[in-house]
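J.:
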Amino acid sequence: MHKAKRSMHWVLEIARHPANQGGRLAAERRAVVWHWRTRGGRDGVVAVVTVDGRTRIMARPEQFSAVWTIYDGVHEWEELQFCLRFLRPGDHFVDVGANVGVFSTLVGTRLPGVRITAIEPFPPVRGDLEANLALNDLKIAVVDSAVSDTAGEATFEILDRDVLNRLAPEGVTGSRGISVPVTTLDELVGDDPPALIKIDVEGSELLVMQGARRLLTDVAPVLLFEHAGHSQHFGITPAQVRAFLSGLGYSVHLLDGHLTPWTSDELPPTPNVIACRDVGAVRARLGSPGGAPAVPPVRVEVQYR
C-alpha cells in the first residue's frame, strides 16, 4: 500500500509540474519507461536526456536530480527559471553544490557567454559533473573543494542520496565520509565577482554566506539558496539566517513567481529563496529582454545506452 501511494504521489507530481503543461502524457510515458528499465534496482542503466534540443544530461538511477530531468526537463522550475531569466552574457554565475551539473549545464547551454564556476567536492559526483560538461562542450571552471566560513579541511558526509551529501558539523564523529579541502567564497571568487550565487549545500548555507562577507558587502550579488530546514543539522536557525542577511542590507524573497518578501523568522513556504539588496533592480532585470527561460511544454528526449 505504501509503495502504491508513493507511486501515485510521483505520478501526480509529474502531471502537475509546470514544465509538463501541454505535454503531461509524454512525461508520464518517459517515467514509466525509466522505471521499467530500472526495476529491481538494476545497475548500469544510463540515459542521455536532451532538454529542448540543446542541453544533454546523463542520468543514472542513483542520481536524483538528473533522473528528474527525464520526467520534466527543468525540474526545479522556479529556481531554474529565475537563473535563466536573470543571468545575461558577461555575468558570472557561481553554482555552490553543483552535484552532477543540472543548473550549470542548463545555464551554460541556454545562455552562452555566462561564465560559470561549478563547485562539487565529492569525487564520484564531480566526475559525473565533468562528464556532463564535456557532453555539452562547456568550458566551465570546476572547483573540487567544499565551501564554508573558513578555509581548511573537513569531513564530507556521504549519504544515501547524492543530493543529500554535506559537510559534517564540527564535533560530529563517526560520519560516513571523506576528508575534503574547504575554501571560502571570498577566497575563491577573487577579482571575478558573480552576479548570482546558487547555494545548495544541505544545511550549511549560512556558513557559505559567512565566508563571503566581503563579497556580499562590496559587490552584493543576488543569492539563490536552499532554506528548507536542513540547517538544523548544523544548529542554525532561520532567524540566524535572516539576521545575518539583514545585517548586510539583504532582504529575503520567496521563489513563488512574484518574489514575495519573507520577513519571518520561521521557515518559508518555498524550499528555496532569493536574497538581494535591491529587489526592484532584480525585478527590472527579470522583466527585460536577454534571458532564456524555458517555455512549457519543455521538450525532453531520452536515449538509453
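Convert by adding 26 to the 1-based position in the sequence shown; the result is the number in this note's numbering. For every residue, glycine included, the Cβ atom is placed at its ideal position computed from N, Cα and C. Note that this is a predicted model, so its numbers are computed, not measured.
Tell whether a beta-carbon distance below 8 Å holds between Val-215 and Ile-225.
T.: The answer is no: Cβ separation not under 8 Å.
J.: What did DSSP end up calling Gln-47 once you bin it into helix, strand or coil?
T.: Coil at Gln-47, not helix or strand.
J.: Whose CA, out of Ile-96, Leu-161, Met-84, Asp-78, lies closest to the CA of Trp-60?
T.: Checked all of Ile-96, Leu-161, Met-84, Asp-78; the closest Cα to Trp-60 is Ile-96.
J.: Please state the DSSP three-state secondary structure of His-284.
T.: Of the three classes helix, strand and coil, the one that applies to His-284 here is coil, per DSSP.
J.: Excluding sequence positions up to five away, which residues of its chain have a Cβ less than 6 Å from the Cβ of Ala-254?
T.: So the list reads Pro-297, once near-sequence residues are dropped.
J.: Ignoring anything shorter than 3 residues or poking outside the region 56-122, list the beta strand (DSSP E) runs there in chain order.
T.: Runs of the beta strand (DSSP E) inside the region 56-122: 73-77, 81-85, 118-122.
J.: Once DSSP output is grouped into helix, strand and coil, what is the label at Val-227?
T.: Three-state result, Val-227: coil.
J.: Would you give the residue range spanned by the alpha helix (DSSP H) that Phe-270 belongs to?
T.: Per DSSP, Phe-270 belongs to the alpha helix (DSSP H) from 264-273.
J.: What span of residues does the beta strand (DSSP E) with Glu-183 cover, start to end?
T.: Taken as a continuous stretch (DSSP letters only), the beta strand (DSSP E) holding Glu-183 covers 178-183.
J.: CA-CA distance, Gly-66 and Arg-114?
T.: Their Cα atoms are separated by approximately 44 Å.
J.: Name the DSSP beta bridge partners of Thr-209, please?
T.: DSSP, once it has assigned bridges, lists Val-173 as partnering Thr-209.
J.: Around the C-beta of His-35, are 16 or more other C-beta atoms found within 10 angstroms, so that it is buried, or is it exposed?
T.: Exposed: under 16 other Cβ atoms inside 10 Å.
J.: Between which two residues does the alpha helix (DSSP H) carrying Phe-251 extend?
T.: It is not in any alpha helix (DSSP H) - Phe-251 instead sits in the beta strand (DSSP E) that spans 248-252.
J.: Suppose you measure from the CA of Gly-178 to the CA of Leu-211; what does that come to, to the nearest Å?
T.: Roughly 13 Å separates the two Cα atoms.
J.: Measure the C-alpha to C-alpha separation of Pro-264 and Ser-230 and round it to an integer number of angstroms.
T.: Cα to Cα, the separation comes out at about 12 Å.
J.: In chain order, what residues of the same chain have a beta carbon less than 6 Å from the beta carbon of Val-128, not counting five sequence neighbours either side?
T.: The residues are Ser-91.
J.: Mind checking Met-27: buried by the 16 CB within 10 Å criterion, or exposed?
T.: In this prediction, Met-27 has a pLDDT of 48, which is less than 50 and means its spatial position is unreliable; what the coordinates show is noted afterwards. With fewer than 16 other Cβ atoms within 10 Å, it is exposed.
J.: By the three-class DSSP mapping on this structure, what secondary structure does Gln-329 have?
T.: Of the three classes helix, strand and coil, the one that applies to Gln-329 here is strand, per DSSP.
J.: Run through DSSP, which three-state label would Leu-293 get?
T.: Correct three-state label for Leu-293: coil.
J.: Please determine whether the Cβ atom of Trp-36 lies at a distance below 7 Å from any heavy atom of the ligand HEM.
T.: As far as ligands go, the structure on display features none, and thus does not contain the ligand HEM.
J.: For Pro-147, I'd like the list of residues in its chain whose CB is within less than 7 Å of its CB, leaving aside the five on either flank, ordered along the chain.
T.: Cβ within range, chain order: Asp-170, Ser-171, Ala-172, Phe-182, Val-206.
J.: Report buried or exposed for His-101, applying the criterion of at least 16 other Cβ atoms within 10 angstroms of its Cβ.
T.: The residue in question, His-101, is buried, as its Cβ has 16 or more Cβ neighbours within 10 Å.
J.: Could you tell me which residues DSSP pairs with His-279 in its beta bridges?
T.: Bridge partners of His-279: Pro-287, Ile-300.
J.: Consult DSSP for Leu-132 and reduce its assignment to one of helix, strand or coil.
T.: DSSP places Leu-132 in helix when its eight states are reduced to three.
J.: Applying the criterion that 16 or more other CB atoms from any shown protein chain within 10 Å of the CB defines a buried residue, is Gly-261 buried or exposed?
T.: Classification for Gly-261: exposed.
J.: Does Ser-314 pass the burial test, meaning 16 or more other C-beta atoms within 10 Å, or should it be called exposed?
T.: Counting Cβ neighbours within 10 Å, Ser-314 comes out exposed, since fewer than 16 surround it.
J.: Could you check what DSSP says for Met-27 in three-state terms: helix, strand or coil?
T.: Bear in mind that the predicted position of Met-27 carries a pLDDT of just 48, short of 50, making it unreliable; the figure below should be weighed with that in mind. Met-27: coil per DSSP, three-state reduction.
J.: What first and last residue would you give for the alpha helix (DSSP H) that runs through Arg-152?
T.: From DSSP, the alpha helix (DSSP H) with Arg-152 extends over 149-161.
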